[in-house]
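Position 188 of the sequence shown, counting from 1, maps to 187 under numbering that gives the first Met the number 0, and the rest follow consecutively.
The beta carbon of each residue, even a glycine, is placed where N, CA and C say it ideally should be.
Reviewing the structure listed below.
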Amino acid sequence: MTNQNVVASDAKSSRIRFIVRKSIFSPAVPNPLPAPSLAKKIETGGAAAKTNAWVDSMRDSSPTRVKSTASLSETKRKILGFMFEQIANASKGKQIAMFLDYDGTLSPIVEDPDRAFMTNEMREAVRDVARCFPTAIVTGRCRDKIYSFVKLAGLYYAGSHGMDIKGPSKSQKYKKDHQALLFQPASKFLPMIDEVYKVLIEKTKSICGAKVENNKFCVSVHFRCVEEKMWAALVELVRSVLNDYPKLRLTQGRKVLEIRPTIKWDKGKALEFLLESLGYANSNDVLPIYIGDDRTDEDAFTVCIYIYHYYYYFNNKVI
Ligand SMILES: [Mg+2]
């Protein structure tokens with residue numbers, strides 16, 4: 000192991016800590032959780048300070064992509080093997096429920112978000128997981144679009160940051176009383192989302208490389224192709240548009256700004272809803288596992304074991 004890669008074990012508590020500053024798709028990984036001071040700046044600073052804080056945060060969560068190597072290094076293999084062993088131990092006597100982010104987790108971050116395809120190898124891996132455990136894709140993207148990428152009928156899909164949940168399109172063994180599951184807690188925001196999408200399409204024409212995506216119950220403004228010197232202008236523009244929409248809020252993910260309804264619903268609530276629909280509400284018999292790479296995934300991390308850029312957490316603590 001190098002100094003960057005640390006695996007520490009506490010024999011008394013059997014707690015294991017992973018600190019690995021590399022991921023499959025983007026080796027240059029920043030701090031795993033947002034700095035509280037930055038969040039405070041965004042909340043309390045003046046207009047210029049808020050813009051600067053947003054740009055700092057965008058930079059922090061958007062590491063330069065380094066070309067992936069064709070195969071996993073020996074170190075990564077060891078770490079994955081170790082993590083698998085720990086999870087296997089924790090799951091003894093329990094039903095695993097698997098939750099997977101899409102962009103940056105199942106697919107690489109590519110310049111054109113419409114071409115963020117997963118490999119056939121990854122699809123087969125997800126199919127194999129879903130044969131063993133109830134499995135859900137939890138994403139900020141439009142559910143229909145993510146289904147067109149994943150193309151697996153036996154999964155749950157939670158699009159629009161969990162605001163558009165649909166169960167498997169074919170019956171599956173985990174839910175005997177299979178019924179069509181559809182839950183859309185932000186449906187009343189559809190006209191507003193459509194409207195702000197059209198406004199942002201028009202306004203962002205002045206920012207070269209900006210791409211606006213309608214994700215049905217939220218809107219994404221991708222800045223992965225925008226020169227960094229223009230990020231401040233882009234944030235100011237988006238925030239100025241949102242001044243007219245107080246019922247919408249701005250968050251950010253990996254190389255993307257997200258416009259969402261202000262309802263109290265996120266990927267974490269989606270996980271709780273899915274666990275309940277699977278019959279595991281407040282159950283000790285289930286081990287929910289979430290794999291994600293993004294700040295928006297942090298909403299889900301309080302209700303499950305999670306793997307985040309190879310950090311291995313439980314209840315928001317590295318273990
Ligand atoms: Mg992601």
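Check, Outcome
"Opposing strand residues paired with Met97 [DSSP bridges]", "Thr134, Ile288"
"Boundaries (first-last residue) of the alpha helix (DSSP H) holding Thr50", "46-59"
"Distance between beta carbons of Leu105 and Thr134, contact taken as under 8 Å", "In fact, because the Cβ distance is near 11 Å, the residues do not count as touching under 8 Å."
"Three-state secondary structure (DSSP) of Thr261", "coil"
"Gly158 versus Phe182, Thr50, Cys131, residue with shortest Cα-Cα distance", "Phe182"
"Continuous beta strand (DSSP E) stretch holding Val149: start and end", "Element bounds for Val149: not the beta strand (DSSP E) but the alpha helix (DSSP H), 142-149."
"CA-to-CA distance, Ser205 to Phe313, given in whole angstroms", "Reliability fails at Phe313, whose pLDDT of 48 lies under 50, so the model's placement of it is uncertain and the value that follows must be treated cautiously. So the two alpha carbons sit approximately 43 Å from each other."
"Three-state secondary structure (DSSP) of Lys215", "coil"
"Alpha-carbon spacing of Lys210 relative to Arg248, whole angstroms", "18 Å"
"Check whether Gly335 and Ala299 have beta carbons under 7 Å apart", "Because the chain here runs from 0 to 318, residue 335 falls outside it and cannot be looked at."
"C-alpha gap between Arg142 and Gly252, whole angstroms", "17 Å"
"Reduced DSSP category for Leu247 - H, G, I as helix; E, B as strand; rest coil", "strand"
"Continuous alpha helix (DSSP H) stretch holding Gly267: start and end", "266-276"
"Nearest-angstrom Cα separation, counted from Leu233 out to Ala48", "15 Å"
"Local Cβ density within 10 Å of Thr261, reported as buried at 16 or more and exposed below that", "exposed"
"Cβ neighbour criterion (16 or more within 10 Å) applied to Asp243", "exposed"
"Residue from Glu275, Ile258, Thr50, Met97 with nearest C-alpha to Asn319", "Nothing can be reported for residue 319: it is not among the residues displayed for the chain, which extend from 0 to 318."
"Neighbour-count burial assignment, Lys144, 16 or more Cβ in a 10 Å radius", "buried"
"Closest by C-alpha distance to Arg238, when choosing among Cys224, Lys254, Val220", "Val220"
"Collapsed DSSP secondary structure at Phe182 in the structure displayed", "strand"
"Near ligand 1: Thr250 beta-carbon under 6 Å from a heavy atom", "no"
"Which of helix, strand or coil DSSP assigns to Asp163", "strand"
"Sub-7 Å separation of Gly166 and Leu180 beta-carbons", "yes"
"Limits of the unbroken beta strand (DSSP E) element including Tyr155", "155-158"
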